[in-house]
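Protein chains in written order, with our numbering: chain D, 1 to 34; chain C, 35 to 143; chain Y, 144 to 292.
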């Protein structure tokens, strides 16, 4: 488990896989449900 | 004898897997270089905008923002939190270190 | 027996890593096909229209698309040099990268969904490095290995 609670998700143009954006979209969706 | 045979078999399998992994790493490098060559062909890698609008015509009746930024630009999305007025706040931070970022509002009346 | 157990664990780790690398390779293959197809199409358009498209009708790659409801209020702060942006939305949004947009526009010939005509398969094959053609139209083993349907 990471020491400090994760506060944000990151994506790098032409550096991160598309999956990182899927993770961000899921986090936003969950944030809505919560 | 059985355990020794198993050991030999596993060692051979792991050797195969190692070769396979090296081949995949090499192929990934080729492809990344090939994509970079295409992207470096600066005259032609723009994307016809009308097709992004086409996304709107695909029943996407939303507001679309197109963010065009230099490679390496960082996008950060904090975990949504509750604002003072009890409304959820959703944020996007963009940080570039090598050039300006351009944001286009695609389909807002 | 202990050595066998260690090797079994090592073998599983390697199999897992190879699975991830194959998924990445598939993603890159589709990206390569989509980008090259886009470049070819842009060139055809330019020949037909005798010149480059109007300036505000195209967007340079790489780009991201953020889509949110029409009702969403978007507050945006921009640094003077345009190197930093901060957006606040009062509603949810989704973010898609250019590879996703290109796929949705059919630029990778529907390969990711296994809906690709023989003609398009030939074109797709011509857009990837020779050493990797096997993943597109080669023996089943390679195609399956990238789970390209």
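Even for Gly, the Cβ is constructed at its ideal location relative to N, Cα and C.
Since the structure is predicted, the reported quantities are computational estimates derived from the model, not experimental observations.
Pair within 8 Å by beta-carbon distance, residue 100 of chain C and residue 130 of chain C: no
Closest Cα partner of residue 254 of chain Y within the set Y/162, Y/174, Y/147 and Y/159: Y/174
Interface flag, residue 146 of chain Y vs chain C, CB-CB below 8 Å: yes
Interface residues of chain C facing residue 26 of chain D [CB-CB closer than 9 Å]: Per Cβ cutoff of 9 Å: no residues; residue 26 of chain D is ~11 Å from chain C at best.
For residue 31 of chain D and residue 184 of chain Y, the rounded distance between their alpha carbons: 40 Å
Any C-beta of chain Y under 8 Å from that of residue 113 of chain C: no
Burial state of residue 190 of chain Y, where buried means 16 or more other Cβ atoms lie within 10 Å: exposed
Contacting positions in the stretch 226 to 249 of chain Y - beta carbon closer than 7 Å to chain D: 235, 236, 237, 238, 239, 240, 242 and 243
Where residue 140 of chain C falls: helix, strand or coil (DSSP): coil
Close-in-space but distant-in-sequence residues of the same chain around residue 45 of chain C (CB under 7 Å, 5 per side omitted): none
Cβ-based neighbour list, residue 135 of chain C, same chain, cut-off 7 Å, excluding 5 preceding and 5 following: 101, 103, 107 and 128
Beta-carbon neighbours of residue 106 of chain C, restricted to chain D and to distances below 9 Å: 12, 13, 14 and 15
Near-chain D residues of the stretch 147 to 168 of chain Y (beta-carbon distance less than 8 Å), N- to C-terminal order: 167
Bridge partners - residue 188 of chain Y, DSSP secondary structure assignment: According to DSSP, residue 188 of chain Y bridges with nothing at all.
Euclidean distance between Cα positions of residue 273 of chain Y and residue 230 of chain Y: 44 Å
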